[in-house]
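Worksheet for the structure shown next.
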Amino acid sequence: MTSNTVQTLAAAGGAALLASAASAKTADDLLKEISTYQFGQSREPLTQVEDWVRINLGSPELSQAIANTLAGLLSTSATKDCKLFVCRQLAVIGTDENVPVIAALLANAETADMARYALQRMQSPSVDTALLAALDGAGDAATGIINTLGERRSAGAAKALASFVTSDNAKVAEAAIAALGKIGGAKSAKVLAQAQGNVAPGLRRSVSDAQLAIAASCAEAGDAATAKAIYRSLTGEDEEAPVRKAAELGLASMG
0 MTSNTVQTLA AAGGAALLAS AASAKTADDL LKEISTYQFG QSREPLTQVE
50 DWVRINLGSP ELSQAIANTL AGLLSTSATK DCKLFVCRQL AVIGTDENVP
100 VIAALLANAE TADMARYALQ RMQSPSVDTA LLAALDGAGD AATGIINTLG
150 ERRSAGAAKA LASFVTSDNA KVAEAAIAAL GKIGGAKSAK VLAQAQGNVA
200 PGLRRSVSDA QLAIAASCAE AGDAATAKAI YRSLTGEDEE APVRKAAELG
250 LASMG
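Take 0 as the starting number for the sequence shown in numbering that gives the first Met the number 0 and just add one per residue.
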């Protein structure tokens, strides 16, 4: 850590975190402790960092300094439990500047979940870009990344998810369908409509349910035209009875 960073963190309270009534920890001391943390050990240093984060939430400058310092641990030999803890803090104070180092964890099966935890909760629009970039060649991690895009309601992901809807991997395909249902909008509706006849038979109901979800969200958002078009498309005899009924009720509710 540079002397400037230490000075900034000291101003944020880092150099005054008390270990006990008889001693004090500097920011460097605290970071060294948490870098070797393993589940089951004393959480005292973690609690001090949590307090450090919480106390400085009102200062964008100091909060950013703390975020950058903690994020630096993600590219070191720090323990997995340390990195998990850091990701939980970055979910609260992370910014655009921290997205690349967090996203790098998506490539490793052991750290992908913790990275998604942090990224899903961050407000930065660059998160969606990073998640979409990570989808290329994600392998088994694709399902989790797709789920995160869905939870974030990432509007820009609809086009990218189109190829995953018809994946040979049923879990990936189902995740993509569900994500599109959460993302909503005309683009997601179009992707699902085009995929309806190409998905595995066991996933056709999932597509219809996702389309119903999109229709409902479009109606709520004031996009009556899209909502009605989706509802009408789901009233055919090739749809299951519960789907047809829901679509008819949806149309009736719109007058």
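Heads up, the beta-carbon is just placed ideally off N, CA and C, and yes, glycines get one too.
Inset, instruction - Give the secondary structure of residue 153 by DSSP, where H, G and I count as helix, E and B as strand, and everything else as coil. - result: coil
Legend entry - Nearest to residue 213 (by Cα), restricted to the options 202, 249, 240: For residue 213, the closest C-alpha among the options 202, 249, 240 is that of 249.
Legend entry - Rounded straight-line distance, which links the Cα of residue 254 to that of residue 221: 13 Å
Legend entry - residue 231 (DSSP reduced to helix, strand or coil): The three-state secondary structure of residue 231, taken from DSSP, is helix.
Inset, instruction - May I ask you to report which of helix, strand or coil DSSP gives residue 147? - result: Residue 147: helix per DSSP, three-state reduction.
Inset, instruction - Could you work out which residue in 162, 119, 155 is closest to residue 144 when comparing CA atoms only? - result: 119
Legend entry - Beta-carbon separation (whole angstroms), residue 149 vs residue 178, contact threshold 8 Å: About 3 Å; that satisfies the 8 Å criterion.
Legend entry - residue 209 versus residue 103: straight-line alpha-carbon distance, rounded: 31 Å
Inset, instruction - Kindly indicate the opening and closing residues of the alpha helix (DSSP H) around residue 184. - result: Going by DSSP, residue 184 is part of the alpha helix (DSSP H) stretching over 184-194.
Inset, instruction - For residue 134, name the three-state secondary structure that DSSP assigns. - result: helix
Inset, instruction - Hey, could you find the ends of the alpha helix (DSSP H) residue 46 is sitting in? - result: 43-54
Inset, instruction - State buried or exposed for residue 115, treating a residue as buried only when at least 16 other CB atoms are found within 10 Å of its CB. - result: buried
Inset, instruction - Identify whether residue 84 lies in helix, strand or coil by the three-state DSSP scheme. - result: Helix.
Inset, instruction - With a 10 Å radius around its C-beta and 16 neighbouring C-beta atoms as the bar for buried, classify residue 238 as buried or exposed. - result: buried
Legend entry - Three-state class that DSSP yields for residue 119 in the structure shown: helix
Inset, instruction - Reducing DSSP to helix, strand and coil, say where residue 109 ends up. - result: Residue 109 falls in the coil class under three-state DSSP.
Inset, instruction - Note down the Cα distance separating residue 183 from residue 205, rounded to an integer number of angstroms. - result: 14 Å
Inset, instruction - Would you tell me roughly how many angstroms separate the C-alpha atoms of residue 79 and residue 110, rounded to the nearest one? - result: 7 Å
Legend entry - Coil, strand or helix - residue 20 by DSSP: Unreliable placement is indicated for residue 20, whose pLDDT of 27 sits below 50; the coordinate value is still reported in the next sentence. Three-state DSSP puts residue 20 in coil, outside helix and strand.
Inset, instruction - Have a look at residue 22 and residue 54 and give me their C-alpha separation to the nearest angstrom. - result: Residue confidence is low: residue 22 scores 38 on pLDDT, short of 50, so the model does not pin down where it sits. No coordinate-derived value is stated.
Legend entry - residue 74 versus residue 96 - alpha carbon distance: One C-alpha to the other measures close to 14 Å.
Inset, instruction - Drop a sphere of 10 angstroms on the beta-carbon of residue 342, count the other beta-carbons inside from all chains shown, and report buried for 16 or more, exposed for fewer. - result: This structure gives no information on residue 342, because the portion of the chain shown stretches from 0 to 254.
Inset, instruction - Would you please state the rounded distance, in angstroms, between the beta carbons of residue 165 and residue 194? I believe it to be under 8 Å. - result: 6 Å
Inset, instruction - Pull up the distance between the alpha-carbon of residue 159 and that of residue 124, whole angstroms please. - result: Between residue 159 and residue 124, the alpha-carbon positions lie close to 16 Å from each other.
Legend entry - Bounding residues of the alpha helix (DSSP H) (the contiguous stretch that carries residue 93): First-last for residue 93: undefined, no H or E at that position.
Legend entry - Rounded C-alpha distance that separates residue 77 from residue 35: 6 Å
Inset, instruction - Express the C-alpha separation of residue 154 and residue 244 in angstroms, rounding to a whole number. - result: Using only the alpha carbons, I get a separation of about 28 Å.
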